[in-house]
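Oh and the sequence shown: position 16 is 16 in the UniProt record's numbering, straight run, nothing missing.
For each residue, glycine too, the CB sits at the ideal point set by N, CA and C.
Comments concern the structure below.
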Amino acid sequence: MVGIRDVARKANVSPATVSRVLNNDQTIHVAQTT
């Protein structure tokens, strides 16, 4: 099973960022170039 830490490591972001995206956090900002 793949966990948040695994996804974060592959995406080169923090586990907190992955969690915020998965929980549809409206305060997170993603650059247009992403």
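I think residue i touches residue j, with their Cβ atoms under 8 Å apart; what is that distance to the nearest whole Å?
i, j, result
"residue 4", "residue 18", "5 Å"
Rounded to a whole number of angstroms, what is the C-alpha to C-alpha distance between residue i and residue j?
i, j, result
"residue 1", "residue 15", "16 Å"
"residue 29", "residue 9", "19 Å"
"residue 23", "residue 7", "14 Å"
"residue 26", "residue 33", "19 Å"
"residue 11", "residue 20", "14 Å"
Quick check on residue i - is its C-beta less than 9 Å from some C-beta in chain D?
i, result
"residue 21", "Chain labels in this structure do not include chain D; a single protein chain is all it has."
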